[in-house]
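Residue numbers (this note's numbering): 1 to 178.
Backbone N, C-alpha and C fix where the C-beta goes; we use that ideal spot for every residue, glycine too.
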């Protein structure tokens, strides 16, 4: 893999910052564009099948990961987890990420629609409570998206990589493959 030089990384960061900064300034300065962006975000968040799509795609990523990158090592003893665990763990993890993203987006939909479109989702909560929910949702969303990005990277970007050997660990904690 060829490494990118620091000056090229710096130029990419600077260019991306300028593009994003210009976009944010344009959105904030132009009411028509701002309303269109808010309406577009609302349409995406209100799409009834958004959660199901996210969950299905995340599960599919985990299944692809298991299929392409995990192969069973030489098993010394037969146990269901040692045989099927490495095959089931990635789909279950990616499914968990998808469920967290779908649930968090439902909370964000409520917060977004209540803030920008005056729809009541959290009638019993004050502004501080809504801010607390938002602060709890952001790290969950970042963590889950990061986890799915790792699966995506392993399946589609690093597609030429080798399969991962899963070797059982003995009871004394020493890897048996060594």
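| message | Taking 8 Å as the limit between beta carbons, can you name the residues of its chain near residue 98, skipping five residues before and five after? | response | Result list for residue 98: 54, 55, 56, 57, 58, 59, 144, 148, in chain order.
| said: On a Cα-Cα basis, can you pick out the residue from 19, 87, 69, 10 that is closest to residue 152? | reply: The option with the nearest alpha carbon to residue 152 is 69.
| Beta-carbon proximity check, residue 112 vs residue 45, cutoff 9 Å | Cβ atoms of residue 112 and residue 45: closer than 9 Å.
| task | At 3 residues or longer, and completely inside the stretch 29 to 115: list those beta strand (DSSP E) runs for me, N to C. | result | Those beta strand (DSSP E) runs which fall completely within the stretch 29 to 115 and span 3+ residues are 70 to 72.
| said: Can you tell me whether residue 36 is buried or exposed? The criterion is at least 16 other CB atoms within 10 Å of its CB, across all chains shown. | reply: Looking at its Cβ environment, which holds fewer than 16 other Cβ atoms inside 10 Å, residue 36 is exposed.
| query | Per the contact definition of three or more C-beta pairs closer than 8 Å, is the stretch 131 to 146 in contact with the stretch 84 to 93? | reply | No contact exists between the stretch 84 to 93 and the stretch 131 to 146.
| query | Between 92, 50, 38, 41, which lies nearest to residue 63 when the distance is taken from Cα to Cα? | reply | Out of 92, 50, 38, 41, 92 has the C-alpha closest to the C-alpha of residue 63.
| task | Work out the CA separation of residue 29 and residue 21 for me, nearest whole Å. | result | If I take the Cα positions, the gap works out to 12 Å.
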